[in-house]
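Reviewing the structure listed below.
Residue numbers (the numbering used here): 1304 to 1423.
So, in structure tokens, the structure goes:
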């Protein structure tokens, strides 16, 4: 499949090149993740308010899409050549604790997941 050059501002997300199939897969994963979070957490989100719910859904999309992107060749190749950037990329992503706070979920499990991600 033909590769697409990724703009430099998005290299840390998608790498320098991606296939169209990978890009579609990443966006689909983000959409499915956000939808699942909304459906499964509707009873909690209904009391969170529109702003918090919107932010939580955006974070859920980003987490799911980011997970998928990390399995693509473009992203893997980018970070394979830049180990220090990979550690920084993981360390600055506080998505899980932020999502837990926005959705009113327990914070400790999300902090544990973040710590495991950083340690890995």
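All residues carry an ideal CB built from backbone N, CA and C; glycine is no exception.
- DSSP places residue 1315 inside the alpha helix (DSSP H), whose first and last residues are 1314-1317.
- Secondary structure at residue 1322: strand, using DSSP grouped into helix, strand and coil.
- Taking 8 angstroms as the upper bound for CB-CB distance, residue 1319 and residue 1307 are not in contact here, some 10 angstroms apart.
- Residue 1349 sits in coil when the DSSP states are folded into three classes, being neither helix nor strand.
- DSSP places residue 1309 outside both helix and strand once states are collapsed to three, so it counts as coil.
- Apart from sequence neighbours up to five positions away, the residues of its chain that approach residue 1332 with a beta-carbon distance below 6 angstroms are 1367, 1368 and 1371, ordered along the chain.
- Straight-line measurement puts the Cα of residue 1341 at about 20 angstroms from the Cα of residue 1397.
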